[in-house]
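Peer 1: Have a look at this one before I ask anything.
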Amino acid sequence: MKLLKTSVQVASLIVAMSASAATFAADSAFLMLTQKEGHNFLTWSTEADSVSRQEVYRSETSSFADAKQISAVGSKRFVVEDENAEQKDYWYWVKVYKDNGETILSNASSTLPQLDALVSTSASSKCVAGATFEDETVDCGGITLGTSCDGDDEDQDPIITLKNATVKNLRIAEDGGADGIHCKEGSCTIKNVIWEDICEDAATLTKTAKSLTIVGGMAYNSKNGPGGKPDKVFQHNAKNSTTTTIKGGFTLEGVHGKLWRSCGDCTNNGGPRKVVIDDVEVDADIDSIVGVNTNYGDVAKIRNLKIKDYKSGSPKVCVEYIGVEKGDGKSEKIGEAWNSTSCNVSESDVSKL
1 MKLLKTSVQV
11 ASLIVAMSAS
21 AATFAADSAF
31 LMLTQKEGHN
41 FLTWSTEADS
51 VSRQEVYRSE
61 TSSFADAKQI
71 SAVGSKRFVV
81 EDENAEQKDY
91 WYWVKVYKDN
101 GETILSNASS
111 TLPQLDALVS
121 TSASSKCVAG
131 ATFEDETVDC
141 GGITLGTSCD
151 GDDEDQDPII
161 TLKNATVKNL
171 RIAEDGGADG
181 IHCKEGSCTI
191 KNVIWEDICE
201 DAATLTKTAK
211 SLTIVGGMAY
221 NSKNGPGGKP
231 DKVFQHNAKN
241 STTTTIKGGF
251 TLEGVHGKLW
261 RSCGDCTNNG
271 GPRKVVIDDV
281 EVDADIDSIV
291 GVNTNYGDVA
301 KIRNLKIKDY
311 KSGSPKVCVE
321 YIGVEKGDGK
331 SEKIGEAWNS
341 TSCNVSESDV
351 SKL
């Protein structure tokens with residue numbers, strides 16, 4: 001009887017996911033479920049214009065008619081945790097409300113195994129490990145990509161390279177994250193990307209690029225995982241007033257060194273480098289949030305940041321350093337700062353999660 005019930009559930013899941021995937025291109029909303037350390041996280045992307053609000057629904061069946069609303073967020077947030085989930089199977093949806101009254105219903109995403117081989121998705125055929133996307137938006141449709149992970153080796157290749165491009169709706173494998181995503185040219189955007197376990201870095205703004213924007217999504221790093229010692233999540237190497245922006249409810253889980261770091265000892269190092277953090281949750285153990293080089297004119301602007309078990313000074317939020325040229329020694333830490341030239345953040349901008 002249990003086997004029959006499971007078979008019916010899987011069949012229902014295939015129907016629900018296939019139907020929603022068929023309409024994704026027109027509906028412009030794609031939902032992904034990630035389970036980490038006993039928590040259910042819902043992340044999504046939408047290309048809808050003039051969004052007024054977004055609602056997350058949950059059901060114990062594959063029918064949206066049976067679903068109940070569990071959360072509501074504004075137009076600029078794309079991550080929600082199901083804080084009341086029990087040890088059972090669920091189906092989830094996101095409903096996007098537009099200013100004109102129209103609604104968009106996402107695909108169904110379930111705690112049951114995602115049978116990728118049996119369910120068609122909206123994934124672009126371009127979305128393969130090692131690919132380069134240039135002057136385009138590529139939708140990976142929730143597939144998982146990975147190659148290998150050689151711990152803290154900084155010479156690993158990226159999984160995806162962006163040249164003035166956008167990648168969205170992608171998972172990066174927990175044992176194959178390599179050097180994550182590189183923004184190599186122009187302005188790049190990463191939407192609704194899940195790092196199952198960061199290898200070297202999640203993403204890097206390389207020296208030849210202008211800006212990198214991370215919208216929603218989440219990243220996990222295990223203490224003794226394939227990536228070795230927990231380190232920075234986002235690396236910023238480009239200079240000359242280049243900017244990394246992290247927003248949309250982006251969430252960290254696990255154990256990390258820093259959320260963002262301006263390169264401390266790059267060849268021909270310099271600046272200024274800028275980071276903007278707005279509506280980010282650090283539901284993780286972390287040493288500090290950002291590291292800026294004051295001597296190069298770096299600036300970190302932080303607003304609406306929530307940190308697990310936060311109390312003043314633990315963890316440190318904006319840490320100032322002295323940047324150096326490669327080969328000229330170590331980038332020395334000055335210490336945490338508030339409302340300084342390089343640290344545009346007040347204690348009221350940070351709260352306990």
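The numbering of the sequence shown is full-length UniProt numbering, which starts it at 1 and goes up by one.
Heads up, the beta-carbon is just placed ideally off N, CA and C, and yes, glycines get one too.
Decide if L205 is buried, meaning its Cβ has at least 16 other Cβ atoms within 10 Å, or exposed.
Peer 2: Within the sequence shown, numbered from 1, the residue matching residue 205 stands at position 205. Buried, since its Cβ has 16 or more Cβ neighbours within 10 Å.
Peer 1: With 8 Å set as the bound, which would you pick, yes or no: does the beta-carbon of E325 sit closer than that to a beta-carbon of chain C?
Peer 2: Going by chain labels, chain C is absent from the structure shown, which holds only one protein chain.
Peer 1: Quick check: the region 136-147 against the region 213-224, are there 3 or more CB pairs under 8 Å?
Peer 2: Because the criterion of three Cβ pairs below 8 Å is not met, the region 136-147 and the region 213-224 do not touch.
Peer 1: Is it the case that the Cβ atoms of A209 and T242 are separated by a distance below 8 Å?
Peer 2: Counting from 1 along the sequence shown, the entry for residue 209 is found at position 209. Counting from 1 along the sequence shown, the entry for residue 242 is found at position 242. Yes, these two residues count as a Cβ contact at 8 Å.
Peer 1: Does the region 263-277 come within contact of the region 182-190, defined as at least 3 CB pairs closer than 8 Å?
Peer 2: Result no; under three Cβ-Cβ pairs closer than 8 Å.
Peer 1: Which class does T61 belong to by DSSP, given the choice of helix, strand or coil?
Peer 2: Mapped onto the sequence shown, residue 61 falls at position 61. Three-state DSSP puts T61 in coil, outside helix and strand.
Peer 1: DSSP on N164, reduced to helix/strand/coil?
Peer 2: Sequence index remark: in the sequence shown, residue 164 carries index 164 (1-based). Of the three classes helix, strand and coil, the one that applies to N164 here is coil, per DSSP.
Peer 1: Can the beta-carbon of I159 be found closer than 8 Å to that of E196?
Peer 2: Taking the sequence shown and counting its residues from 1, the one referred to as residue 159 is at position 159. Taking the sequence shown and counting its residues from 1, the one referred to as residue 196 is at position 196. Against a cut-off of 8 Å, the Cβ pair of E196 and I159 comes out as no contact.
Peer 1: Quick check: is any heavy atom of the ligand ATP less than 7 Å from the C-beta of N237?
Peer 2: The model on display carries no ligand, and the ligand ATP is accordingly not part of it.
Peer 1: Under 8 Å between the Cβ atoms of W93 and S110?
Peer 2: Position 93 of the sequence shown, counting from 1, holds the residue named residue 93. Position 110 of the sequence shown, counting from 1, holds the residue named residue 110. Not in contact: W93 and S110 (Cβ atoms no closer than 8 Å).
Peer 1: Taking the alpha carbon of S50 as the reference point, which residue from A72, V96, A337 and F64 has its own alpha carbon closest?
Peer 2: If you number the sequence shown from 1, residue 50 lands on position 50. Checking every option, the nearest Cα to that of S50 belongs to V96.
Peer 1: Do you know offhand how far C199's Cα is from G101's?
Peer 2: The count along the sequence shown starts at 1 and reaches residue 199 at position 199. The count along the sequence shown starts at 1 and reaches residue 101 at position 101. Each residue's Cα considered, the two are about 43 Å apart.
Peer 1: Let's test the definition: count the other Cβ atoms within 10 Å of the Cβ of N240 and tell me whether it reaches 16, buried, or not, exposed.
Peer 2: The sequence position of residue 240 within the sequence shown is 240, counting from 1. Exposed: under 16 other Cβ atoms inside 10 Å.
Peer 1: Which ranges would you report for the beta strand (DSSP E) in the region 128-176 if only whole runs of at least 3 residues count?
Peer 2: Counting whole runs of 3 or more residues, the region 128-176 contains the beta strand (DSSP E) stretches 131-134, 137-139, 160-163 and 166-172.
Peer 1: Roughly how many angstroms separate the alpha carbons of K184 and G271, rounded to a whole number?
Peer 2: Here residue 184 refers to the residue found at position 184 when the sequence shown is read from its first residue. Here residue 271 refers to the residue found at position 271 when the sequence shown is read from its first residue. Near 17 Å, if we compare the C-alpha coordinates of G271 and K184.
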